[in-house]
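Just below is one structure, and these are the notes that go with it.
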Amino acid sequence: MGSKDLQTSELDGMDDERLVVELRKAKDELFHLRFASATGQLESHGRLKEVKRDIARIYTVLRERELGIRTAPTSVK
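This note's numbering puts the first residue of the sequence shown at 4, with every later residue one more than the last.
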């Protein structure tokens, strides 16, 4: 996960369930990074910023879909 992995164009291609899964993973990673930071074991403090931005990107895409600004991808069966 990270800013390079989760570009807005890639998030547009995911359905809502996949976005929720990615959001859960990002929140879990943020928790672990905060814990490592609190115990003095975190080496890359920039990673905290990247994960927070990823979470914000996911929330933005979900909210825009809710408001009808963006559309969810259509699944071809």
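C-beta atoms are modelled at their ideal positions from N, C-alpha and C, and glycine is treated no differently.
Classification of residue i by the beta-carbon crowding that lies within 10 angstroms, buried from 16 upward
i: A29; result: buried
i: L22; result: buried
i: E53; result: buried
i: L9; result: buried
Range of the contiguous alpha helix (DSSP H) that encloses residue i
i: G43; result: Per DSSP, G43 belongs to no alpha helix (DSSP H) and is neither H nor E.
i: D57; result: G49 to L70
i: D15; result: T11 to D15
For residue j and residue i, believed in contact at Cβ under 8 Å, the rounded distance
i: D15; j: R73; result: 7 Å
i: R66; j: A75; result: Not really, about 13 Å apart at Cβ, beyond 8 Å.
*Should the region 50 to 68 be regarded as contacting the region 19 to 37, the criterion being three or more beta carbon pairs within less than 8 Å?*
The region 50 to 68 vs the region 19 to 37: in contact.
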